[in-house]
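So the structure is just underneath, and the comments pick up after that.
Okay, here's the thing in structure tokens:
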């Protein structure tokens, strides 16, 4: 009765009998849905039911395997050490001499320093094709620190046909897989990289983990020449117990009309890989590529249809690589570029940090106006040693330079002096404390630090720089930022002057203008 009286007192729809019936019906329906859903969750053991967890066949098994195998990539992506390769993203790895297009399975070679990269009609990588795959899931990522492209594929295989079994010596240890996840899937991991130390070598590492109870069989295709008409010929060579295929052919003509001879040697694999249950197979396909000298295509080139060109995005990446190499060569890093990937990497780091090699010294010529951020460069190769350079700030926010040396091999004396080299050069040692240099700015602007093994050269710099002045960093910044402009201060002064003139005019009109009252009144004044 009390609830009925309260409901009748409410305004609107709830005061009617049909609204109360509808409200009760909705509440009863919600209760039934809640109890029914909780019972289903208890029966299934969770809220989200995957098909394979309910015993239903489907593609969820490879997805669970892939999720477990790539779980470690999340942390790498957050730290900026990995780049995921989705659909349409070029999958390229290179070392400055050759580039590998993993997605298109193409090889790009650089014939010379000033010549663009060309793509021979050659398939460089081994393609693994499962003989009976029920479902498959895969992802690829570019690992920047390791300089390689990693591709992971999870295969749910059926029953393979008869054939020899090849497997690694030992039980399978599926990296990254949790207990129970992907238990019916085979994990295939492939690493593609262009060798950093050997510029003409590329590698494809294959790791096949089979934790299932059945034999995993995959067909191998490649490395091989392109489709007909083939521009490469192959011969089978044998060295000891190892066999490899030797391919030789011609590259497509460059824009200048030159055609290069290309020779590729690659390891020969069996046509069919079979991995026994609970085992692991590790295989490395090593390829060696050499671009020989050019020859006149009008005399020795066999005419044929032109090679299909790659997508525009890949072309832009290769052009960007060529421009970077040319830029580094023009900035005194020609020797580093010839080394290959390690040299190009160091040259780019030097350019980012404002460092430049000259004939006699290494100079740090960063813009003094942007030294408010602290950063450090480690492992700068100079002569036979490594130099560490850091831009730091003291308690007052003034920047200074910290330099230390890591000796490698025979010790070599290395000297350094700050801008202008007015002070005597300091010998750098491998002491943990290192050496600090205050930031001085010269007029005109010159490098902030000089490093050299020639002491006499640094001593001569003070007489050959021809400087007008040498200022501390804070004095230089004060001159660069004198404060607010003159127009601002002139406007403020004008407003203050006008305000005082207006105030003076009000006072004058009050006491000295027409009809102004006298300042002093006598006692005889009748108005007092």
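In UniProt numbering, the protein residues as written are 1 to 528. For each residue, glycine too, the CB sits at the ideal point set by N, CA and C.
Item                                                                                                                                                                                        : Value
What separation, rounded to the nearest whole angstrom, lies between the Cα atoms of residue 381 and residue 193?                                                                           : 24 Å
Cα separation between residue 296 and residue 223?                                                                                                                                          : Residue placement at residue 296 cannot be trusted, given a pLDDT of 37 that sits under 50; the coordinates are not used to answer.
By the 10 Å Cβ neighbour count, where 16 or more other Cβ atoms means buried, how is residue 494 classified, buried or exposed?                                                             : exposed
For residue 220 versus residue 150, is the C-beta spacing smaller than 8 Å?                                                                                                                 : no
For residue 81 and residue 143, I'd like the C-alpha separation in whole angstroms.                                                                                                         : 6 Å
Based on the DSSP secondary-structure assignment, which residues constitute the bridge partners of residue 348?                                                                             : Residue 348 is not bridged to any residue.
Is it right to say residue 280 is buried, meaning 16 or more other beta carbons lie within 10 angstroms of its own, or is it exposed?                                                       : buried
Have a look at residue 508 and residue 491 and give me their C-alpha separation to the nearest angstrom.                                                                                    : 26 Å
Hey, residue 361 and residue 457 are a contact pair by Cβ (cut 8 Å); roughly how many whole angstroms apart?                                                                                : 6 Å
Can you confirm whether the segment 98 to 107 touches the segment 121 to 141 when touching is taken to mean that 3 or more C-beta pairs between the two stretches lie within less than 8 Å? : yes
Taking the beta strand (DSSP E) that residue 127 falls in, what are its first and last residues?                                                                                            : 127 to 130
Between the segment 349 to 359 and the segment 373 to 392, do three or more beta carbon pairs fall short of 8 Å?                                                                            : yes
Between residue 419 and residue 436, which are expected to be in contact by the criterion C-beta below 8 Å, what is the C-beta distance as a whole number of angstroms?                     : Contact doesn't hold; Cβ gap of about 14 Å is too wide.
Between which two residues does the beta strand (DSSP E) holding residue 204 run?                                                                                                           : 201 to 210
Hey, residue 95 and residue 341: beta-carbon distance below 8 Å or not?                                                                                                                     : yes
DSSP state of residue 456, grouped into three classes?                                                                                                                                      : helix
Out of 397, 368, 410, which has the shortest C-alpha to C-alpha gap to residue 385?                                                                                                         : 410
Have a look at the DSSP bridge pairing and note the partners of residue 385.                                                                                                                : 382
Assign residue 408 to buried or exposed, taking buried as 16 or more other Cβ atoms, counted over all protein chains shown, within 10 Å of its Cβ.                                          : exposed
So residue 109 is in the beta strand (DSSP E); what residue range does that whole segment cover?                                                                                            : 106 to 109
Could you please give the first and the last residue of the uninterrupted beta strand (DSSP E) stretch that includes residue 216?                                                           : 216 to 221
Terminal residues of the continuous beta strand (DSSP E) containing residue 233?                                                                                                            : 232 to 239
Establish whether the CB of residue 210 and some CB of chain D are separated by less than 8 Å.                                                                                              : Within the model displayed, chain D is absent; a lone protein chain is all it includes.
Locate the beta strand (DSSP E) running through residue 263, then write down its first and last residues.                                                                                   : 259 to 267
Go to residue 374, then tell me how far its beta strand (DSSP E) extends in each direction, as first and last residue.                                                                      : Residue 374 -> no beta strand (DSSP E), and no H or E assigned at all.
Tell me the residue span of the beta strand (DSSP E) that contains residue 83.                                                                                                              : 82 to 84
What's the call for residue 212, buried or exposed, on a 16-neighbour Cβ count within 10 Å?                                                                                                 : buried
Short check: CB of residue 403 to CB of residue 415, under 8 Å?                                                                                                                             : no
What do you reckon, are the CB atoms on residue 485 and residue 439 nearer than 8 Å?                                                                                                        : no
Skipping 5 residues on each side, what residues in its chain have a beta carbon closer than 6 Å to that of residue 470?                                                                     : 420, 440, 442
Under a Cβ-count criterion, where at least 16 other Cβ atoms within 10 Å of its own Cβ denotes burial, should residue 314 be classed as buried or exposed?                                  : buried
Which term fits residue 100, buried or exposed, when burial requires 16 or more other beta carbons within 10 angstroms of its beta carbon?                                                  : buried
Do you know how far the Cα of residue 97 is from the Cα of residue 251?                                                                                                                     : 15 Å
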